[in-house]
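J.: Take this structure first; my questions come after.
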Amino acid sequence: MQTLLKRGIGVHHSGILPILKEVVEMLFQEGLVKVFFSCATETFAMGVNMPAKTVVFDTILKHDGTGFRNLLPAVYIQMAGRAGRRGLDTTGTVYNY
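Going by the numbering used here, the residue at position 77 of the sequence shown is 70; the numbering climbs one at a time, nothing skipped.
Laid out in structure tokens, this is it:
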């Protein structure tokens, strides 16, 4: 992960140690992480003031411990809503693949 962070790439998912998640979030907020991969983590979606210019979903499926399910609509809206925050960006873009 250190090599990725040095290149401005952050990764965030439920399997990462909490201290590493916090470091990635802080670097993202400071603008040092330019590309951020969040693997359908609702924790990042609910984070305070974590804006992005573009949000990309490669899937809307989330593993729930026994199988896969669709992201809840409210969680999807919260995650997509990270793109183009009022007062910070003039536009926001969301891609679904």
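Ideal placement from N, C-alpha and C gives every residue a C-beta, glycine not left out.
All figures in this text were calculated on a predicted structure; none of them were measured in a lab.
What residue does the alpha helix (DSSP H) around TYR69 start on, and which one ends it?
T.: By one-based count along the sequence shown, residue 69 stands at place 76. Looking at the DSSP string, the run of the alpha helix (DSSP H) that includes TYR69 is 66 to 73.
J.: Between THR52 and the ligand COA, is there a pair consisting of the residue's CB and a ligand heavy atom that are separated by less than 7 angstroms?
T.: As far as ligands go, the structure on display features none, and thus does not contain the ligand COA.
J.: Terminal residues of the continuous alpha helix (DSSP H) containing LYS55?
T.: In the sequence shown, counting from the first residue as 1, residue 55 sits at position 62. No alpha helix (DSSP H) holds LYS55; the beta strand (DSSP E) holding it covers 54 to 56.
J.: What's the C-alpha gap between GLY8 and SER31?
T.: The residue labelled residue 8 in the question sits at position 15 within the sequence shown. The residue labelled residue 31 in the question sits at position 38 within the sequence shown. One C-alpha to the other measures close to 11 angstroms.
J.: Considering Cα atoms alone, identify which of GLN22, ILE53, GLU23, ALA45 is closest to THR84.
T.: Within the sequence shown, residue 84 is the residue found at index 91, counting from 1. For the residues GLN22, ILE53, GLU23, ALA45, the minimum Cα distance to THR84 belongs to ALA45.
J.: Does the segment 9 to 25 touch the segment 49 to 69, meaning 3 or more C-beta pairs lie closer than 8 angstroms?
T.: Short answer: they don't touch.
J.: Just verifying my parser: in three-state terms, what is the DSSP assignment at ILE12?
T.: For the purposes of this step, residue 12 is taken as residue 19 along the sequence shown, with counting starting at 1. Here ILE12 sits in helix by DSSP.
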